[in-house]
Structure formats: structure tokens, C-alpha cells
Amino acid sequence: MLLIPFLLLLSSLLLIINKLAIKKGKLPPSPSKLPLLGNLHQLGAFPHRSTWELSKKYGPIMLLRLGSMPAIIVSSAETAKEILKTHDLECCSRPPLTGPKRLSYNFQDVGFVPYGHYYREMRKICVTELFSMKRVQSFQSVRKEEVDLLIKSISESATPANPVDLSKGILSLTASIIFRIALGKNFQGSELDNDKLQKLVSEAATMLGSFCASDFFPYVGNMIDWFTGFHRRLENTFHELDAVFQQIIDDHFKSGTTMHEHNQEDIVDVLLRMVKDQTENGAIHLTKDHIKGILLDIFVAGIDTSAIAIIWAMTELARKPTAMKKAQDEIRSCVGNKGKVADNDVSQLKYLKMIIKETLRLHPPGPLLLPRETASHLKIGDYDIYPKTRIAVNVWAIGRDPDIWNNPEEFIPERFEDGVIDLKGQHFELLPFGAGRRICPGMNMGMAVLELALANLLYFFDWKVPSGVEIDMEERVTISLGKKTALMLVPIKYNIGEDDEIMHC
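The sequence shown lines up with residues -21 to -1, 1 to 484 when you count with mature numbering (1 follows the signal peptide of the UniProt record, and there is no 0).
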């Protein structure tokens, strides 16, 4: 039992030596620290909230010491713009994964690797081949079929006295869409069904978002993670995923590059075709591990985040029936008695887009953007930021900044009525997908799922909160920020009549 105190003491001594070696310029303001822990004890269970509270005292650019790691927390749109635009190149690397989390390097994760040739080439593949607008549009039929299945499932169970677990249905929807887009099929009824694969992906996301001692105590953290069992749990999760990905790739190899559904390639097909066709032209040499890394990123980033956004949107609308009614009137007036909302209808639903912006302002799936790491010394305002400093942008706090937003805690979609602010990383007061070189490459895919699913849920049903129930707004934090308790609502079928007024969308 004396091992851990000894290791912590050793880490503390190394930290002191390290600090003495660092040049002292004008550093950002910082809360008082504890020996060894630094400011770790001040993060708590909800780091986006605790750092927001600290920023009210110490300012929009704040220095924290997280164990042996210096970290800058950015909580204003102006400072976020300096980091993500003005100094994007100097701040676009990722801190290296350490300890057990280095296991994910076996998969060559695109989202977590440092900035360099490999990252640029892999991002080019993601943007031009996998998540281009053309590729997103090619999967319209997949989104439509899965949304139709969700609506059918809700319709079959819809009674005034029977609330449905909307959280479960929406998570199943996004998982099925991602599985079909990435792998060419869903696995319902097979040995590895959708639920099992979804739980495995959820466990991977949870582990990546969990406290890992080696992240903050690199000299002794590995031993602490081994002692607590974290290392073994993470290792088991990634080995299970590796086996699943390997089987999927092997199955594709056996059958050749096939056009699975609707005469189109899935993402594994595209990547295997690129492996086959690649030439030595200075680009990276794609391997099976690269494909596994991309699949892991797609699953971890794509399933949870889209579902979380839809669930929070329905939660806020259930708490504000006037906004829900306004959205339903717009959708039903536009779609009329066609009996479905299609992708080409969504582009005309202006109020729906305001609802989505307002939801992502209040509930960004990633409240603290994945941390960056500085590659060189730079100045942010009057402050010196040194190399190897981690930077986290608190987009959750920026979305609640009273200097930007009137009544920032209120759900008011109309605040986006002028259409000036978009979600594409050009307006730093609203950054759910990040900005700069590290902006989310799957943004178009995620928005397509979010818009179509939300529009259909509002078109087909009127939604009521069960009698005597108050909606719980408590959050659940992993690598993303979800709703802790399931959203239970009563769906009331909307009667699609022949006489509904039809607008030309």
C-alpha cells in the first residue's frame, strides 16, 4: 500500500524540477493549486461547469495545472477565435495519448493523433472521400429507411397513456444509420447484433472520456492505472473492438468490394478500394489499422453525438410547447399530406434550423472541445503560452456568455432569426463542431441525420410530458455530454388530412 504514496511523491519532485526549468513570462491568471494535484480537485464531475465558474473569477483565458500538465481553458468567443483561427497552426496538434489510452494508437485514430503529415492525409481522405456532401447525399435512402422504422415503432406503441423511451429509440436510430453507412448493413438478428456493437462502442467512448492517471502523472500514472484496473478494462474493450473490426474487414475482403444496398459502397468498401488502388505518391500507405482507426472515430463520434443533439432538442421542445407547436406548424404546412419529410424539404424549414442552433448552443455534445496542444511559444492577448501546453475551449460556457446572448439560460430559437450565425466554425460564439484545422469532418453527416430525424418526429406526432412528471435536465458526462435520464414522452399521432394546406417547399 506504500507504493502509490511513493509514486506520487516521486511525481511531485519531478513536477517541481520541471517547473523550475520553465521560463516565466506573463502567464494567464490561475486559481491556487494543491501540491502534486494542482487544480485537478477543482474540476469535479462536470469540468465544463466547474471551469465556467472559475472563469467568472479568473477570466476567459485561465491557466490550470492538472497534475504535471499545464492547461489553458478558453471561455470566450474572442479568445477562441485567437486560438482556433489566428493561431490555429501553432495550436492544432493533439497531446499524445499516454499509458493505456495509447492502445487506441493501434487503431490509428484520426481525431486523436498529433498534427502532421499523417493527420493531413487522413483528414483529406475523410473530407473528400468519406464525408463529402456528395457522399452524405448518397446515403439519403439509408437515413430515410431508418427514420421510417423509428416512426413505425413509435406509432405501434403510441397511446395517450403509454410514454415511450425516446432516448432509447433515437440512440438505436443513429447507431443503425452509422452501422449501415460504415459497414453496409445492420446486425440485427446476427451473432453480433446492433445492441451488442452499440454497447461496445459506448464502453469505448466512456473509457476515452474517463479519468486516466497517466494523462496527468506521466511518470507514474501507468502504474496507478494498472493498480486501479483501468488499464485492463480499456485493453479488453479495444481488443474486443479490434476483433469486430478485423472480422468486418475480412468479410469485405472475402466478398470483394460490393454494392450492398441501393447500388452504393459503404465506407469500408471505399477504404478497401483506396488500399487496393493506392500508389507511392507521397501519400500515406493505408493499412487495416488505418481503416480500424477511422471506423472507431466514426462510431465514437457519430452515434452518441447525433443522438444526444436530437434528445436534447426534443427535451427542450417538450418543456416549451409554444416552440414545438411553431415548429410543427412550419413542417406540416410545408410537407402537407405527403406523409413524410424528405431531405429536400428540410432545407426550407427555417424555424427547425433555429431550434437546432439553439439546442447546440445550450447542449453542445462536446462541451469542452477535444484538447489541443501548442507546438511553439505564442502570445494570446498579453499572456505567454509555452510549447506543450494543452488548450481546451469551453464551448458550453461560450454558449452561455451573457455578453453575447440575451437570457442565455433560456431556450429561445428566435434569437437566430436573422440567420447571421452559422454552425460551420466561422462564428466563434457558436462552435458545436469546433473550428479551424480540427473542425469535425463529419459535420455534414451529423447534421443530415439530426435534421431529418427531428423533422419527422415533429411531423408525425404531437408530444406530451406524462402527467405529473417533471423533465429531469441532469447531464451525463463521458467523452460527450448527454442527458442522464431517459426522455419519456407520450406520442399522439398527427392526423395527416387531405385538406392540409400545402406550401411549395
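Every residue gets a Cβ at the ideal spot worked out from N, C-alpha and C, and that includes glycine.
- Of the other Cβ atoms in all chains shown, 16 or more fall within 10 Å of the Cβ of G425; this residue is therefore buried.
- S9 is positioned such that its CB atom lies no closer than 7 Å to that of L45.
- Sorting M333, F278, F25, I364 by C-alpha distance to the C-alpha of L433 places M333 at the top.
- A distance below 7 Å separates the beta carbons of V247 and L162.
- Just measuring C-alpha positions, the residue of N435, R351, P26 sitting nearest V92 is R351.
- Restricting attention to N423, F166, F190, the CA atom closest to the CA of Q116 is found in N423.
- Taking C-beta atoms as the reference points, V325 and E430 count as a pair closer than 7 Å.
- In the DSSP assignment, F91 falls outside any alpha helix (DSSP H) and carries neither an H nor an E.
- Take the alpha-carbon of F166 and the one of R394: they are about 42 Å apart.
- Sequence-distant partners of Y94 (beyond 5 residues in either direction) whose C-beta falls short of 6 Å from its own C-beta, in its chain, are C71, S72.
- If you draw a straight line from the Cα of E408 to the Cα of A56, it comes to about 5 Å.
- Secondary structure of P381 (DSSP, three-state): coil.
- When C-alpha distances from P381 are compared across S54, L6, P346, M48, the shortest belongs to S54.
- Taking the Cα of A288 as reference, the smallest distance to any Cα among F196, I149, Y330 is reached at I149.
- Taking a contact to require three or more Cβ pairs closer than 8 Å, the region 100 to 107 and the region 447 to 465 do not qualify as touching.
- Per DSSP, the unbroken alpha helix (DSSP H) holding E32 starts and ends at 26 to 37.
- By the neighbour-count criterion, in which 16 or more other beta carbons inside 10 Å mark a residue as buried, L68 falls on the exposed side.
- Less than 7 Å separates the beta-carbon of H66 from that of L357.
- Counting only the Cα atoms, D174 lies some 19 Å from R122.
- One Cα belongs to L187, the other to A321, and the distance between them is close to 36 Å.
- Nearest in C-alpha terms to R379, of all of T185, L76, L410, G4, is L410.
- Around L19, the same chain offers L45, G46, F195 as residues with beta carbons nearer than 7 Å, after the five sequence neighbours per side are excluded.
- Under the Cβ criterion (8 Å, minimum of three pairs), the region 366 to 373 does not count as touching the region 261 to 281.
- In the structure shown, D401 falls within a coil segment according to DSSP collapsed to helix, strand and coil.
- Under DSSP, I364 forms a beta bridge with L357.
- The closest CA to that of K319, considering only A24, I130, K5, is found on I130.
- F390 is the residue among S355, A302, F390, S312 whose C-alpha sits nearest the C-alpha of R340.
- The beta carbon of H342 is closer than 6 Å to those of W291 in its chain, skipping five residues each way along the sequence.
- In this structure, V428 and P139 do not form a Cβ contact; the two beta carbons are roughly 29 Å apart against a cut-off of 8 Å.
- Taking a contact as a CB-CB distance under 8 Å, the pair I418 and F440 does not count as one, their CB atoms being some 34 Å apart.
- Residue state for F440 is assigned as strand, using DSSP reduced to three classes.
- In summary, L13 is exposed, with fewer than 16 beta-carbon neighbours lying within 10 Å of its beta-carbon over all protein chains present.
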